[in-house]
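Residue numbering for the sequence shown follows the numbering used here, starting at 64 and increasing by one per position. These notes are about the structure you will find just below.
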Amino acid sequence: MQPKFPVTTACLVGFSKLCQQHHVDPIRVLAASDLPPLTLKQPYKFIEQVEFSRLLNNAAIACKNDLFALELTSILMIDMIGAPGLLMSRQSTLKNIYPILAYLNCVQSLGTVFELLIGEREALHQITYSFADNIDTTQYALLSLGGAYRLFQQLYGTKIQLRHVYLKSKKHKNIKIIESFFGCDCTLGAKNNAFAFDSKLIYITPIQFVEGDLKLKKKLALLIHEFDDIEGLVEQIIICLLQDGECNKQQVANILGVHLRTFQKCLQRKGLTFRACLEQTRRKIAEEHLLNSSICVGDIAVLLGFKHAGAFIKTFVRWHGITPLQWKKQTQ
Numbered sequence: 064m065q066p067k068f069p070v071t072t073a074c075l076v077g078f079s080k081l082c083q084q085h086h087v088d089p090i091r092v093l094a095a096s097d098l099p100p101l102t103l104k105q106p107y108k109f110i111e112q113v114e115f116s117r118l119l120n121n122a123a124i125a126c127k128n129d130l131f132a133l134e135l136t137s138i139l140m141i142d143m144i145g146a147p148g149l150l151m152s153r154q155s156t157l158k159n160i161y162p163i164l165a166y167l168n169c170v171q172s173l174g175t176v177f178e179l180l181i182g183e184r185e186a187l188h189q190i191t192y193s194f195a196d197n198i199d200t201t202q203y204a205l206l207s208l209g210g211a212y213r214l215f216q217q218l219y220g221t222k223i224q225l226r227h228v229y230l231k232s233k234k235h236k237n238i239k240i241i242e243s244f245f246g247c248d249c250t251l252g253a254k255n256n257a258f259a260f261d262s263k264l265i266y267i268t269p270i271q272f273v274e275g276d277l278k279l280k281k282k283l284a285l286l287i288h289e290f291d292d293i294e295g296l297v298e299q300i301i302i303c304l305l306q307d308g309e310c311n312k313q314q315v316a317n318i319l320g321v322h323l324r325t326f327q328k329c330l331q332r333k334g335l336t337f338r339a340c341l342e343q344t345r346r347k348i349a350e351e352h353l354l355n356s357s358i359c360v361g362d363i364a365v366l367l368g369f370k371h372a373g374a375f376i377k378t379f380v381r382w383h384g385i386t387p388l389q390w391k392k393q394t395q
């Protein structure tokens, strides 16, 4: 059965070693979490995020370490995540890595949702969990924020400096260790799990970025062709680009780090076209906003990259045969 809110077990690299350092048997922690021993031997298996949270919580209890998940991120290396890691290292700005992060965090499953909120002076990397009412996500939040910060450090080196970390949990006794890890002050009992940094940093370039490197482009082209879920990755890139008001296939190819022709061939092999991917993503976002928010039709049109509300309404009628407001009334 496919997990409703999936997360890859690749996040658990180093789990066994860390448990053993605390003189705890990792297999017993798995058993207490109702997970089979093979979970740690299948790095690209997907499990439920609720199960994943329970495993981290049980490990923290067994190891008597309320910062267990934060320690787990200390061994995270960008090359452990394969093609997405290489893609992130090829982005010209920090902002451009967010659709790839979104893909990695399975945002399409609506289990983990994180946002890059950009203000005039400060940007906020914020994470929420749709299943948080069912289980304590304290450890998961440490892993998510700590993991993102570790990736940022490997991509941007000393260029990345955080201003503040916010954790919803009030439980942590070792706040000084948290502040030392992130290099900034930390607030416990905050409204959301997030970290803040100077908004100018969204335009910084990875330390290994080389514009037009042909060897890397060829390597990326091969990886993109082998990518199992290119549709999911393209969807996240489209969502990110639509937020800026414009999205075309050349922009998506640029973020993927390949030539436009390579990108189009990759879609064709999967029986896809860019136009179909764009339309499907727009339709999905439009329906989610109409069902779950109070945003007006005009604002939804802007979010989807339409020049005016009339163009959006016309497209929506083509999808459903009725206007957005009529569809909303029928589905409520």
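Cβ coordinates follow ideal geometry from the N, Cα and C atoms, glycine included. Since the structure is predicted, the reported quantities are computational estimates derived from the model, not experimental observations.
Closer than 8 Å by C-beta to residue i: which residues in its own chain qualify, once you throw out the five before and the five after it? Chain order, please.
i: residue 92; result: 82, 118, 121, 122, 125
i: residue 315; result: 297, 300, 301, 304, 326, 337
i: residue 113; result: 68, 194, 197, 198
i: residue 105; result: 72
i: residue 184; result: 261, 262
i: residue 87; result: 122, 125, 126
i: residue 246; result: 224, 225
i: residue 39; result: One cannot answer for residue 39 here, as it falls past the ends of the chain, which runs 64 to 395.
According to the Cβ coordinates, are residue i and residue j closer than 8 Å?
i: residue 296; j: residue 166; result: yes
i: residue 227; j: residue 248; result: yes
i: residue 151; j: residue 138; result: no
i: residue 159; j: residue 318; result: yes
i: residue 116; j: residue 186; result: no
i: residue 358; j: residue 329; result: no
i: residue 78; j: residue 135; result: yes
i: residue 349; j: residue 367; result: yes
i: residue 361; j: residue 372; result: yes
i: residue 149; j: residue 161; result: no
i: residue 190; j: residue 214; result: no
i: residue 100; j: residue 90; result: yes
i: residue 192; j: residue 174; result: yes
i: residue 224; j: residue 141; result: no
i: residue 153; j: residue 308; result: no
i: residue 128; j: residue 85; result: yes
Below 8 Å on the Cβ atoms is my contact criterion, and I expect residue i with residue j to pass it. Report the Cβ-Cβ distance as a whole number of Å.
i: residue 219; j: residue 269; result: 6 Å
i: residue 206; j: residue 132; result: 4 Å
i: residue 157; j: residue 240; result: Incorrect: roughly 26 Å between the Cβ atoms, too far for contact.
i: residue 237; j: residue 130; result: 6 Å
Excluding the 5 residues flanking residue i on each side, which residues of the same chain have their C-beta closer than 6 Å to its C-beta?
i: residue 379; result: 387
i: residue 390; result: 383
i: residue 346; result: 382
i: residue 312; result: 337
i: residue 95; result: 121
i: residue 392; result: none
i: residue 364; result: 372, 375
i: residue 259; result: 185, 187, 226, 227
In or out: residue i buried (at least 16 other Cβ within 10 Å) or exposed?
i: residue 355; result: exposed
i: residue 170; result: Any reading at residue 170 must be qualified, since the residue scores a pLDDT of 44, below 50, and its modelled position is unreliable; the value itself is stated next. Residue 170 is buried by the Cβ-count criterion.
i: residue 395; result: exposed
i: residue 339; result: exposed
i: residue 385; result: exposed
i: residue 181; result: exposed
i: residue 221; result: exposed
Near residue i, which residues of its chain fall below 7 Å by C-beta distance, leaving aside the five closest residues on each side in sequence?
i: residue 75; result: 103
Per the contact definition of three or more C-beta pairs closer than 8 Å, is the stretch 253 to 263 in contact with the stretch 217 to 234?
Because the criterion of three Cβ pairs below 8 Å is met, the stretch 217 to 234 and the stretch 253 to 263 touch.
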